[in-house]
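*Asks:*
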Amino acid sequence: MNQSLRAVIDTFEKHDYLHTVEIEVDPVFELGAVLFHRGHDKAQLFKNVKGYDIPVLGNLYNDYKKIALGLGVAPEDLQKTCLEAIEKGITPERVAAGPVQDVVLENGPDIKKLLPVPVWFEREQGPYISAGVIVARDPETGKRNISIARLRVEGGNMLLAGIAPTHHLHALLKKAEALGKPLEIAVVIGNHTAVLLASQFYVDLGHDEYEIAGRLLGEPLKLVKCRSIDLEVPAEAEIVLEGVLHSEDMVEEGAVSEFHGFYEYYGPCNRVSIKTVTHRQKPIYQAILPGYAPEHLLIGGAAIGATTCHALKKKIPNVTSVLITEGGMGRVHAIISMHRPKAGEGKRAIMLAMGHTNLLKLVIVVDDDIDPHDWTQVEWSLAARMRGDEDIFIIPGVKADRCDPLEKDLMIAKVGIVATRRPGDSLTPDKYIPAQAPEEILAKVKEQLDKY
2 MNQSLRAVID TFEKHDYLHT VEIEVDPVFE LGAVLFHRGH DKAQLFKNVK
52 GYDIPVLGNL YNDYKKIALG LGVAPEDLQK TCLEAIEKGI TPERVAAGPV
102 QDVVLENGPD IKKLLPVPVW FEREQGPYIS AGVIVARDPE TGKRNISIAR
152 LRVEGGNMLL AGIAPTHHLH ALLKKAEALG KPLEIAVVIG NHTAVLLASQ
202 FYVDLGHDEY EIAGRLLGEP LKLVKCRSID LEVPAEAEIV LEGVLHSEDM
252 VEEGAVSEFH GFYEYYGPCN RVSIKTVTHR QKPIYQAILP GYAPEHLLIG
302 GAAIGATTCH ALKKKIPNVT SVLITEGGMG RVHAIISMHR PKAGEGKRAI
352 MLAMGHTNLL KLVIVVDDDI DPHDWTQVEW SLAARMRGDE DIFIIPGVKA
402 DRCDPLEKDL MIAKVGIVAT RRPGDSLTPD KYIPAQAPEE ILAKVKEQLD
452 KY
């Protein structure tokens, strides 16, 4: 199987999901503005980026269906595929060489001169690498970790890394600091869907996301050893920055966009020095429009939904899916589907979900005859199955994530809504019998609908 971003681009082009922008586009604000206005439209491939000879790709995964397409699975099987990958990964394969190392630039190349990294928003203080998968190794156990964090290009070979204190990369940095060791990292840009998605899974520290990526691919992910650091990177990626994340070298970040669409001020961040850059011949630079933008929300949302569902199914097996909604910023609203929940199980599922995923602050439970992707069906379920005096509960004063736009002193109120049938509802004479034609007629007409 071709494990490259280029294979994904070819697939999207065949499905008419790719638009090529031929005119010159400025990477300072203009490129991001195009992605903003074409939010749910086709993927955008900018062939003529002002000041650079490297094209930029964005808006690739702005719909859950397109994430599924990138993995080669049906949309309805996306979460099932992710659950299988979490449960049992495939060990990656080390290969001697790969196209990501066709070109090798040593001695700390100037990143801003080399790569068309966009400047996204007016109050941010520089260009941000937004689709760079960061590879690191636990300095104690030697196990790998891959993730995405904010990376601002500072000038020369230096980057700023905005790492949340709850993220595994922060834990690895603290371990390295305690051992008096540098933390080597590789930033991989231009990845196959499987690698990009795997980097977003909320799994335990020590769970190798490369194995998750392999299962999503259906075969071992091919890796090559970096040229200047002791890490492995996907052999068929587009670009790799090899460097060191410094624990004591800090710089104030200033305003930075977040998933809710506003600015946050997180304070000082660590700096990264890049030693070596490797890339393909004629590489493609992949970018994700940050902030409240579909691709940013849904790549994270797909992974959060899958890992939350995986955790819930261990406790409540009749949980069938967890959808993280785009309107809920791809982070804070969830719809849990359940098969014939017993009395009280819906509320239990809500509390378990909120306990597992700190970001969640509104969780709705529906029966599995409701399509959670169809808000009309969800709203019908609220109207037909929710008892407002019994099925809505509010928990005030719950610890919040620092990203939440309404958090105060890291506290927030959380809301749960159960919109499911209750045991016994179907036994009430006539009241809950659907008004419709006989089932056999409906099924026959559906099967032959094209002839009408």
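Numbered as in the numbering used here, the sequence shown ends at 453 without a single skipped number.
Idealized CB from N, CA, C, for every residue including glycine.
Source: prediction; values computed, not measured.
Measure the alpha-carbon distance for E85 versus E25 and round it to whole angstroms.
*Replies:* Residue numbering aside, residue 85 sits at position 84 when the sequence shown is read from its first letter. Residue numbering aside, residue 25 sits at position 24 when the sequence shown is read from its first letter. About 43 Å.
*Asks:* With distance defined between alpha-carbon atoms, name the residue in L222, S258, V104 and G71 nearest to Y129.
*Replies:* Here residue 129 is taken as the residue at index 128 of the sequence shown, counted from 1. Answer by Cα proximity: S258.
*Asks:* Identify which residue in V364, A307, G52 and H340 has its Cα closest to the Cα of D392.
*Replies:* Working through the sequence shown from its first residue, we reach residue 392 at position 391. The option with the nearest alpha carbon to D392 is V364.
*Asks:* Identify whether F37 lies in helix, strand or coil by the three-state DSSP scheme.
*Replies:* In the sequence shown, residue 37 corresponds to position 36, counting from 1. Looking at F37 - three-state DSSP - the assignment turns out to be helix.
*Asks:* Counting Cβ pairs closer than 8 Å, one from the stretch 193-202 and one from the stretch 159-173, do we hit at least three?
*Replies:* The stretch 193-202 vs the stretch 159-173: no contact.
*Asks:* Let me see if you follow: with CB-CB separation under 8 Å, is R124 close to chain C or not?
*Replies:* Absent from the structure: chain C. Only one protein chain is present.
*Asks:* Touch check for the stretch 129-143 and the stretch 176-183: three-plus C-beta pairs under 8 Å?
*Replies:* The stretch 129-143 vs the stretch 176-183: in contact.
*Asks:* Based on DSSP bridge pairs, tell me the residues matched to L184.
*Replies:* By one-based count along the sequence shown, residue 184 stands at place 183. Paired residue(s): L246.
*Asks:* For V101 versus V225, is the C-beta distance shorter than 8 Å?
*Replies:* As a working note, residue 101 is residue 100 in the sequence shown. As a working note, residue 225 is residue 224 in the sequence shown. Going by C-beta atoms, V101 is nearer than 8 Å to V225.
*Asks:* Put E265 into one of helix, strand or coil per three-state DSSP.
*Replies:* Within the sequence shown, residue 265 is the residue found at index 264, counting from 1. E265 falls in the strand class under three-state DSSP.
*Asks:* Does V419 come out as helix, strand or coil in the three-state DSSP assignment?
*Replies:* Here residue 419 is taken as the residue at index 418 of the sequence shown, counted from 1. Strand, per DSSP.
*Asks:* Take L106 and list the residues in its own chain whose beta-carbon comes closer than 6 Å to its own, dropping the five residues that flank it on each side.
*Replies:* As a working mapping, residue 106 is identified with position 105 in the sequence shown. The residues are V278.
*Asks:* Could you please give the first and the last residue of the uninterrupted alpha helix (DSSP H) stretch that includes S338?
*Replies:* As a position in the sequence shown, residue 338 is number 337, starting the count at 1. Looking at the DSSP string, S338 is not in any alpha helix (DSSP H); the run it does join, the beta strand (DSSP E), is H334 to M339.
*Asks:* Check whether the Cβ atoms of I325 and I305 sit closer than 8 Å, and answer yes or no.
*Replies:* One-based indexing of the sequence shown puts residue 325 at position 324. One-based indexing of the sequence shown puts residue 305 at position 304. The answer is yes: Cβ separation under 8 Å.
*Asks:* Determine the direct distance from the alpha carbon of I351 to that of E440, and round the result to whole angstroms.
*Replies:* Looking up residue 440 in the sequence shown gives position 439. Looking up residue 351 in the sequence shown gives position 350. For E440 and I351, the distance between alpha carbons rounds to 33 Å.
*Asks:* With burial defined as no fewer than 16 other Cβ atoms inside 10 Å of the residue's Cβ, what is the status of M411: buried or exposed?
*Replies:* Along the sequence shown, read from residue 1 onward, the residue named residue 411 stands at position 410. Sequence check: residue 411 is Leu here, not Met. Per the 10 Å Cβ criterion, exposed.
*Asks:* Within this structure, are the beta carbons of I434 and M387 separated by less than 8 Å?
*Replies:* Residue 434 sits at position 433 when you count from the first residue of the sequence shown. Residue 387 sits at position 386 when you count from the first residue of the sequence shown. Against a cut-off of 8 Å, the Cβ pair of M387 and I434 comes out as no contact.
*Asks:* What would DSSP say about C270, mapped onto helix, strand or coil?
*Replies:* Locating residue 270 in the sequence shown gives position 269, where the first residue counts as 1. Residue state, collapsed to three classes: strand.
*Asks:* Does the Cβ of I351 lie closer than 7 Å to at least one heavy atom of the ligand ATP?
*Replies:* No copy of the ligand ATP occurs in the structure displayed, which carries no ligand at all.
*Asks:* Kindly give me the distance between the Cβ atoms of L353 and L313, rounded to whole angstroms, as I take these residues to be in contact under 8 Å.
*Replies:* Counted from its first residue, the sequence shown places residue 353 at position 352. Counted from its first residue, the sequence shown places residue 313 at position 312. L353 to L313, Cβ: 6 Å. Contact.
*Asks:* Which runs of the alpha helix (DSSP H) spanning at least 4 residues fall entirely within the stretch 73-142, listed in chain order?
*Replies:* Taking only runs of at least 4 residues, the alpha helix (DSSP H) segments lying wholly in the stretch 73-142 are 79-88 and 112-115.
*Asks:* Quick one: grab the DSSP three-state call for Q4.
*Replies:* Your numbering for residue 4 matches position 3 in the sequence shown. If DSSP states are grouped into helix, strand and coil, Q4 belongs with coil.
*Asks:* In the structure shown, what three-state DSSP assignment does A288 receive?
*Replies:* For this step, residue 288 is matched to residue 287 along the sequence shown. DSSP places A288 in coil when its eight states are reduced to three.
*Asks:* In whole angstroms, what is the alpha-carbon distance linking E243 and R341?
*Replies:* Here the question's residue 243 lines up with position 242 in the sequence shown. Here the question's residue 341 lines up with position 340 in the sequence shown. Between E243 and R341, the C-alpha separation is close to 51 Å.
*Asks:* Taking buried to mean at least 16 other C-beta atoms within 10 Å of its own C-beta, is M2 buried or exposed?
*Replies:* Along the sequence shown, one-based indexing puts residue 2 at 1. The residue in question, M2, is exposed, as its Cβ has fewer than 16 Cβ neighbours within 10 Å.
*Asks:* Sort L450, T321, T308 and P235 by Cα distance to R95 and report the nearest one.
*Replies:* Taking the sequence shown and counting its residues from 1, one reaches residue 95 at position 94. If we check each option's Cα against that of R95, P235 comes out closest.
*Asks:* If you compare alpha carbons, which of E212, V416 and M330 is closest to G389?
*Replies:* For the purposes of this step, residue 389 is taken as residue 388 along the sequence shown, with counting starting at 1. The shortest C-alpha separation from G389 is found at V416.
*Asks:* Kindly indicate the opening and closing residues of the beta strand (DSSP E) around R153.
*Replies:* Numbered from 1 along the sequence shown, position 152 holds the residue referred to as residue 153. Per DSSP, R153 belongs to the beta strand (DSSP E) from R151 to G156.
*Asks:* Between the alpha carbons of Q126 and E253, how many angstroms are there, rounded?
*Replies:* Sequence index remark: in the sequence shown, residue 126 carries index 125 (1-based). Sequence index remark: in the sequence shown, residue 253 carries index 252 (1-based). Roughly 10 Å separates the two Cα atoms.
*Asks:* Taking the alpha-carbon positions, what's the A420 to M355 distance?
*Replies:* Residue 420 sits at position 419 when you count from the first residue of the sequence shown. Residue 355 sits at position 354 when you count from the first residue of the sequence shown. Each residue's Cα considered, the two are about 17 Å apart.
*Asks:* Do N63 and G40 have their CB atoms nearer than 8 Å?
*Replies:* Translated into positions along the sequence shown, residue 63 becomes position 62. Translated into positions along the sequence shown, residue 40 becomes position 39. Cβ distance < 8 Å, so N63 and G40 count as in contact.
*Asks:* For a test of the three-state rule: what should DSSP assign to R349, helix, strand or coil?
*Replies:* The residue labelled residue 349 in the question sits at position 348 within the sequence shown. Helix, per DSSP.
*Asks:* I'd like the list of long-range same chain contacts for A414, defined as Cβ closer than 8 Å, with 5 residues on each side in sequence excluded.
*Replies:* Taking the sequence shown and counting its residues from 1, one reaches residue 414 at position 413. Closer than 8 Å at Cβ, skipping near neighbours: K362, I395, I396, P397, G398 and V399.
*Asks:* Give every residue of the same chain whose Cβ lies closer than 7 Å to the Cβ of A385, excluding the five residues on either side of it in the sequence, and list them in chain order.
*Replies:* Position 384 of the sequence shown, counted from the start, is the residue given in the question as residue 385. Once the five neighbours on either side are set aside, A385 has no close Cβ partner at all.
*Asks:* When the Cα of G59 is compared with those of K89, A162, F202 and L6, which residue comes out closest?
*Replies:* For the purposes of this step, residue 59 is taken as the residue at position 58 of the sequence shown. The option with the nearest alpha carbon to G59 is L6.
*Asks:* Within this structure, are the beta carbons of G191 and P284 separated by less than 8 Å?
*Replies:* Along the sequence shown, one-based indexing puts residue 191 at 190. Along the sequence shown, one-based indexing puts residue 284 at 283. Taking 8 Å as the Cβ cut-off, G191 and P284 qualify as a contacting pair.
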